[in-house]
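Numbering (my numbering), first residue to last: 39 to 294.
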């Protein structure tokens with residue numbers, strides 16, 4: 039069998055066939071890998087003759103009138119082929135069509151989507167993006183330090199905050215307050231630690247009352263915390279939390 043690349047068809051010497059008129063059979067292949075192409079319409083439009091290649095790329099046209107005919111091969115995604123072939127009565131010709139894909143392969147596109155913000159963290163994200171004076175620690179930052187303690191993460195990521203430890207416990211200190219008495223020689227007031235008020239998931243668990251026991255932030259491991267906010271001054275504290283008794287800042291902790 040003779041091959042015809044691109045738009046060229048080649049004919050073999052005619053042989054006798056029983057069917058009326060000439061015939062053309064062959065295969066449709068890709069021009070680079072010569073793999074069969076299914077679904078190609080091979081046609082002689084003037085004679086209203088057509089055949090569709092099968093899964094092996096095979097096609098057959100029969101009943102072709104003698105004379106010069108335009109044979110076409112078409113399939114979406116490939117360049118169309120067209121060539122003039124002269125048929126004699128009762129010719130049985132064989133040919134391969136080698137088609138070139140014209141569909142361009144698109145590069146891979148990496149699609150990244152942001153995870154939806156959980157309802158309880160909507161306010162956290164709004165305040166973080168607004169940047170109205172607070173200090174924020176995100177879950178991503180916490181996860182990077184999951185092996186550490188919560189107090190160490192706060193100490194190294196939240197400016198202006200001091201962490202006081204006693205054994206495994208730790209409290210957040212936002213400033214100093216004057217306590218009566220002390221060791222000052224002039225009999226005046228001695229400075230003492232001023233713990234920050236603590237809100238956990240929107241609820242005050244320590245309001246800065248010196249008669250209360252400060253909250254141990256190490257009682258919350260980093261693995262259960264979704265975000266931390268800290269406000270150093272009363273002016274920067276969100277309005278809904280301005281009921282704190284502490285003048286030494288406010289820390290808001292959100293769990294996962």
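The C-beta atom is built at its ideal place from N, Cα and C for all residues, glycine as well.
Check                                                                                                                                                                                                     : Outcome
Please go through the same chain and pick out, in chain order, the residues whose beta-carbon is closer than 6 angstroms to the beta-carbon of residue 94, but skip the five residues on each side of it. : 74
Taking residue 172 and residue 268 to be in contact with their CB atoms under 8 angstroms, please state how far apart those CB atoms are, rounded to whole angstroms.                                     : 6 angstroms
Would you tell me roughly how many angstroms separate the C-alpha atoms of residue 99 and residue 140, rounded to the nearest one?                                                                        : 26 angstroms
Could you tell me the distance, in whole angstroms, from the CA atom of residue 275 to the CA atom of residue 262?                                                                                        : 24 angstroms
Apart from the five residues on each side of it in sequence, which residues of its chain come closer than 8 angstroms, Cβ to Cβ, to residue 118?                                                          : 110, 111 and 112
What's the C-alpha gap between residue 122 and residue 148?                                                                                                                                               : 47 angstroms
Residue 69 and residue 138 look like a contact to me (Cβ under 8 angstroms); what is the Cβ gap, rounded to whole Å?                                                                                      : 5 angstroms
Just to confirm the assignment, what range does the alpha helix (DSSP H) spanning residue 161 have?                                                                                                       : 160-168
Pull up the distance between the alpha-carbon of residue 289 and that of residue 195, whole angstroms please.                                                                                             : 13 angstroms
Taking the CB atoms as reference points, tell me whether residue 96 and residue 124 lie closer together than 7 angstroms.                                                                                 : no
How would you label residue 58, buried or exposed, when you count the other beta carbons within 10 angstroms and need 16 or more for buried?                                                              : exposed
Does the distance from the C-beta atom of residue 256 to that of residue 188 stay below 7 angstroms?                                                                                                      : yes
Quick check on the DSSP output: the alpha helix (DSSP H) that includes residue 194 runs from which residue to which?                                                                                      : 188-195
Which term fits residue 146, buried or exposed, when burial requires 16 or more other beta carbons within 10 angstroms of its beta carbon?                                                                : exposed
Please classify residue 294 as buried or exposed, where buried requires at least 16 other C-beta atoms within 10 Å of its C-beta.                                                                         : exposed
Any idea what DSSP makes of residue 206, helix, strand or coil?                                                                                                                                           : coil
So residue 174 packs on residue 292, CB below 8 angstroms; how close in whole Å?                                                                                                                          : The Cβ separation is near 10 angstroms, so there is no contact.
Helix, strand or coil: which one does DSSP assign to residue 54?                                                                                                                                          : In this predicted model, residue 54 has a pLDDT of only 41, less than 50, meaning its place in the structure is not dependable; the value taken from the coordinates is given anyway. In the structure shown, residue 54 sits in coil (DSSP, three-state: anything other than H, G, I, E or B).
Leaving out five residues on either side along the sequence, give the residues of the same chain with a beta carbon under 8 angstroms from the beta carbon of residue 61.                                 : 55, 98, 99, 100, 101, 102, 129, 130 and 131
Could you compute how far the alpha carbon of residue 77 sits from the alpha carbon of residue 88?                                                                                                        : 12 angstroms
Leaving aside the five residues before and after residue 179 along the sequence, list all residues of the same chain whose C-beta is less than 7 angstroms from its C-beta, in chain order.               : 195
Quick one: what's got a C-beta closer than 7 angstroms to residue 252's C-beta in the same chain, skipping five residues either side?                                                                     : 209, 233 and 244
Take the Cβ of residue 260 as the centre, count every other Cβ of all protein chains shown within 10 Å, and call the residue buried at 16 or more, exposed below.                                         : buried
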